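From first to last, the protein sequence lines are chains A and B. Residue 245 is where the first sequence starts when you use my numbering, and the numbers rise one by one after that. Residue 75 is where the second sequence starts when you use my numbering, and the numbers rise one by one after that. All residues carry an ideal CB built from backbone N, CA and C; glycine is no exception. Values in this document were obtained by computation on a predicted structure and should not be read as measured data.
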Amino acid sequence: MHDEMPGFFPGRPGGERDEPLLDMILERRPIPPWAPPEIYGLARMLAAVAGPAEPGELAGQNAALVAFTRLASPAGTSPAAPRSVRRLLPERSARGRLPLAAAVTAVAAGLGSTAAAYVGVLPSPIQHFVHVTIGAPAPPHDYSRHVPAVASSPTQARHEPATSGPPKTPTATSPVPARGKASHRWRYGLPANSPGPAIASCLPTPSPARNPVWPTLAPASAPASLSPTQSPGRLSPTQSPTSPGPRASGWAAPSPAATACPRVPTQTAVPRPGQ
Amino acid sequence: MIGAAFGVTLASAQAGDEAAFACIFRDVQPALLRYLRVIAPDPEDVAGDTWLQVVDGLVRFRGGEQAFRAWLFTIARHRAVDAGRSRARRPAVPLELSAAAQRLTSPDAADQALETVSTQAVMALIASLPHDQAEIIMLRVVAGLDASDVARIVGKTPGAVRVAAHRGLRQLAGQAERTGVTH
Chain A
245 MHDEMPGFFP
255 GRPGGERDEP
265 LLDMILERRP
275 IPPWAPPEIY
285 GLARMLAAVA
295 GPAEPGELAG
305 QNAALVAFTR
315 LASPAGTSPA
325 APRSVRRLLP
335 ERSARGRLPL
345 AAAVTAVAAG
355 LGSTAAAYVG
365 VLPSPIQHFV
375 HVTIGAPAPP
385 HDYSRHVPAV
395 ASSPTQARHE
405 PATSGPPKTP
415 TATSPVPARG
425 KASHRWRYGL
435 PANSPGPAIA
445 SCLPTPSPAR
455 NPVWPTLAPA
465 SAPASLSPTQ
475 SPGRLSPTQS
485 PTSPGPRASG
495 WAAPSPAATA
505 CPRVPTQTAV
515 PRPGQ
Chain B
75 MIGAAFGVTL
85 ASAQAGDEAA
95 FACIFRDVQP
105 ALLRYLRVIA
115 PDPEDVAGDT
125 WLQVVDGLVR
135 FRGGEQAFRA
145 WLFTIARHRA
155 VDAGRSRARR
165 PAVPLELSAA
175 AQRLTSPDAA
185 DQALETVSTQ
195 AVMALIASLP
205 HDQAEIIMLR
215 VVAGLDASDV
225 ARIVGKTPGA
235 VRVAAHRGLR
245 QLAGQAERTG
255 VTH
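This is the structure we're talking about:
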């Protein structure tokens, strides 16, 4: 290799003078007329290599344009991008359809069972079971028998300040039971530790404007609202199942007092904490 | 080379103009493919990977035509190296050599070039040179890059690039004289 350096061609003296010519070839500059013919030949060879595209060399243009359209176009201006997204969507939905359906079914079954338990429409043995396990209302035929149990349960004990004494008795003796099973939920309301909030999250949350009783039914204010002097007859209307207000507040209420119906005329009689 | 209109063309391509991008592609692709035919076993595949990366970074690119070409050929070289490594990791798989790869590995590449005086014949001659010399000549002559850009791409100094290019040209001229390949 080193013996090539003295001349442009091996064996040719004075080849060092050709180096500027080689630079001209490399830089694709015009070759001066005094250059040796070998330089011209070399320049022509390299010019052929650097020439225009030959057939087949631009075969990848379409693929490059597709890639350009998909990747380089600004978002929203390329019609190919949505197409590619659409092509991906069925595959993704097909992959995720079965687990999604299973999850939805499981959630629906759970929510439905819980809702049925709190509505009280389950068969009596099952209703009794869920009554014992998750604090759902007792079966109708056990109503009077289970009232003390409910009252003595931790759930009920937590709301003792709100429902102690007469409130429990009025609930049991109120004329509401005569209305049927659907009334139980309003009679008992929802325990604070019940799984009800899972359902309540799917229900419209009553706003204070719709249910002005809501703020006053906080546990702190409950004792005042459920004073022993309050008659059972005044409480039972607040638990009417026919009112849509307490239905919503009943699922989401943290205390049985929250099942109070907003249309109860005694709302104004409920003293607020500041009162 | 696009020349003075390159800036406008590039800006249009960066804005999503397919025609502008196609103009750039048609200008660069022949040189890219010929360069890859010298250094890569699968030039078409490597060229495709190169353009994908170019498209991906086109919006962020800033610079003139020389810088764009230097950027593109840098990507191409990296992809070619990756392709070579990928092939090296699969030695047990029998490879179907493409025509370009056969030209690279065939000992009688210069003899084949004798048959036809064409671009392919000259490329075969270049491919018969030592790898670094062939690559530098292709980058300098075919890609149109200056010595400093080539030096950055191949990891040499500009002086070393110049020396290697001169040596390669001398060998190429001598080989062409012996084989009679002229154009």
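Quick one: using the 10 Å Cβ neighbour count with 16 as the cut-off for buried, is TRP458(A) buried or exposed?
Sequence index remark: in the first sequence, residue 458(A) carries index 214 (1-based). At TRP458(A), the pLDDT of 38 sits below 50, so the modelled position is not reliable and the matter cannot be decided from this model.
Mind listing, in chain order, the continuous beta strand (DSSP E) runs of no fewer than 3 residues lying wholly within the segment 98-122 of chain B?
Complete beta strand (DSSP E) runs here, min 3: none at all.
Taking only the alpha-carbon atoms, compute the straight-line gap between SER438(A) and ALA347(A) and give it to the nearest angstrom.
Translated into positions along the first sequence, residue 438(A) becomes position 194. Translated into positions along the first sequence, residue 347(A) becomes position 103. Since pLDDT at SER438(A) reaches only 41, below the 50 mark, its modelled position is unreliable, and the value read off the structure follows with that caveat. Using only the alpha carbons, I get a separation of about 22 Å.
Since PRO296(A) meets chain B, which of its residues come closer than 8 Å, beta carbon to beta carbon?
Looking up residue 296(A) in the first sequence gives position 52. For PRO296(A), the neighbours in chain B by C-beta distance under 8 Å run, in chain order, PRO104.
Work out the CA separation of GLY242(B) and ALA88(B) for me, nearest whole Å.
The sequence position of residue 88(B) within the second sequence is 14, counting from 1. The sequence position of residue 242(B) within the second sequence is 168, counting from 1. Here the sequence assigns Gln to residue 88(B), which means Ala is not the residue at that position. Looking at the two C-alpha atoms, the distance is approximately 37 Å.
Between the segment 112-142 of chain B and chain A, which residues of the former have CB atoms less than 8 Å from a CB of the latter, in chain order?
GLU118, ALA121, GLY122, TRP125, LEU126, VAL129, ASP130, LEU132 and VAL133
I'd like to know if ALA307(A) contacts chain B, where contact means its C-beta is closer than 9 Å to some C-beta of that chain.
Indexing the first sequence from 1 puts residue 307(A) at position 63. It does; some Cβ of chain B falls within 9 Å.
Cβ distance (whole Å) where ARG143(B) is taken to contact ALA217(B) below 8 Å:
As a first step, residue 143(B) is located in the second sequence; it is residue number 69 there, counting from the start. As a first step, residue 217(B) is located in the second sequence; it is residue number 143 there, counting from the start. Between ALA217(B) and ARG143(B) the Cβ distance is about 6 Å, and since that is below 8 Å, they are a contact.
Could you give the C-beta distance for VAL112(B) and ALA208(B), rounded to a whole number, given that I count them as a contact under 8 Å?
In the second sequence, residue 112(B) corresponds to position 38, counting from 1. In the second sequence, residue 208(B) corresponds to position 134, counting from 1. Contact flag correct, Cβ pair sits at about 5 Å.
Are the Cβ atoms of PHE135(B) and LEU203(B) separated by less than 9 Å?
For the purposes of this step, residue 135(B) is taken as the residue at position 61 of the second sequence. For the purposes of this step, residue 203(B) is taken as the residue at position 129 of the second sequence. No.
Express the C-alpha separation of ARG153(B) and LYS230(B) in angstroms, rounding to a whole number.
Within the second sequence, the letter at position 156 stands for residue 230(B). Within the second sequence, the letter at position 79 stands for residue 153(B). Taking the straight line joining both Cα atoms gives about 19 Å.
State the Cα-Cα distance for the pair GLY364(A) and PRO381(A), rounded to the nearest angstrom.
Residue mapping note: residue 364(A) aligns to position 120 of the first sequence, counting from 1. Residue mapping note: residue 381(A) aligns to position 137 of the first sequence, counting from 1. Whole-angstrom Cα-Cα distance: 6 Å.
Using only alpha-carbon positions, find the residue among ARG272(A), ILE283(A), ARG288(A) and ALA292(A) that is nearest to THR193(B).
Counting from 1 along the second sequence, the entry for residue 193(B) is found at position 119. The residue with the shortest Cα to Cα distance from THR193(B) is ALA292(A).
Using a Cβ-Cβ cut-off of 7 Å (strictly less than) and excluding sequence neighbours within five positions of VAL128(B), which residues of its own chain qualify?
Counted from its first residue, the second sequence places residue 128(B) at position 54. Here the set comprises LEU146 and ILE149.
Within-9 Å CB hit, GLY304(A) to chain B
Residue 304(A) sits at position 60 when you count from the first residue of the first sequence. Answer yes: the Cβ-Cβ gap between GLY304(A) and chain B drops below 9 Å somewhere.
Specify, as a first and last residue, the run of the alpha helix (DSSP H) that MET197(B) falls within.
Taking the second sequence and counting its residues from 1, the one referred to as residue 197(B) is at position 123. Note, MET197(B): alpha helix (DSSP H), 193-201.
Other residues of its chain near ARG236(B): CB distance less than 7 Å, five sequence neighbours each side excluded:
On the second sequence, position 162 is the one that residue 236(B) refers to. Taken in chain order, the residues that qualify are ALA221.
Looking at the C-beta of GLY77(B), does it have a partner C-beta in chain A at a distance below 9 Å?
As a working mapping, residue 77(B) is identified with position 3 in the second sequence. With 9 Å as the cut-off, GLY77(B) does not count as an interface residue toward chain A.
Best match in ALA79(B), ALA96(B), ARG252(B) and GLN249(B) for proximity to GLU139(B) [C-alpha to C-alpha]
Residue mapping note: residue 139(B) aligns to position 65 of the second sequence, counting from 1. That would be ALA79(B), whose Cα lies nearest to the Cα of GLU139(B).
ALA121(B) beta carbon less than 9 Å from that of GLN103(B):
By 1-based counting over the second sequence, the position of residue 103(B) is 29. By 1-based counting over the second sequence, the position of residue 121(B) is 47. Yes; because the gap between Cβ atoms is below 9 Å, this pair is in contact.
Relative to the C-alpha of TYR109(B), which candidate in ASP267(A), MET289(A), ALA294(A) and PRO280(A) has its C-alpha closest?
Residue numbering aside, residue 109(B) sits at position 35 when the second sequence is read from its first letter. Checking every option, the nearest Cα to that of TYR109(B) belongs to ALA294(A).
Measure from the C-beta of VAL351(A) to each C-beta in chain B and report whether the shortest distance is under 9 Å.
Counting from 1 along the first sequence, the entry for residue 351(A) is found at position 107. For VAL351(A), the answer is no, since every Cβ of chain B falls outside 9 Å of its Cβ.
Do GLY285(A) and ALA247(B) have their CB atoms nearer than 9 Å?
Taking the first residue of the first sequence as 1, we reach residue 285(A) at position 41. Taking the first residue of the second sequence as 1, we reach residue 247(B) at position 173. Yes, the pair counts as a contact, with Cβ atoms nearer than the cut-off.
Extent of the continuous alpha helix (DSSP H) run through ALA85(B)
Stepping through the second sequence from its first residue, residue 85(B) is reached at position 11. Element bounds for ALA85(B): 80-88.
9 Å is my cut-off, CB to CB: does THR253(B) come that close to chain A?
Within the second sequence, residue 253(B) is the residue found at index 179, counting from 1. The beta carbon of THR253(B) does not come within 9 Å of any beta carbon belonging to chain A, so the residue lies off that interface.
Does ILE149(B) get closer than 9 Å to chain A when you measure Cβ to Cβ?
The residue given as residue 149(B) occupies position 75 in the second sequence. ILE149(B) does not count as touching chain A.
ARG236(B) in three-state terms, based on DSSP:
By one-based count along the second sequence, residue 236(B) stands at place 162. Reduced to three states, the DSSP call for ARG236(B) is helix.
Rounded to a whole number of angstroms, what is the C-alpha to C-alpha distance between ALA184(B) and VAL196(B)?
For the purposes of this step, residue 184(B) is identified with residue 110 of the second sequence, where counting begins at 1. For the purposes of this step, residue 196(B) is identified with residue 122 of the second sequence, where counting begins at 1. Note that ALA184(B) has pLDDT 47, beneath the 50 cutoff, so the model's placement of it is unreliable and the number below is only indicative. Looking at the two C-alpha atoms, the distance is approximately 9 Å.
Extent of the continuous alpha helix (DSSP H) run through LEU315(A):
Along the first sequence, one-based indexing puts residue 315(A) at 71. It spans 305-315 - the alpha helix (DSSP H) in which LEU315(A) sits, taken as one unbroken run.
What's the call for PRO296(A), buried or exposed, on a 16-neighbour Cβ count within 10 Å?
To locate residue 296(A), count along the first sequence from 1; it is residue 52. The residue in question, PRO296(A), is exposed, as its Cβ has fewer than 16 Cβ neighbours within 10 Å.
Figure out for me which residue from LEU266(A), PRO383(A), GLY300(A) and MET268(A) has the closest Cα to the Cα of SER368(A).
Locating residue 368(A) in the first sequence gives position 124, counting from the first residue. Checked all of LEU266(A), PRO383(A), GLY300(A) and MET268(A); the closest Cα to SER368(A) is PRO383(A).
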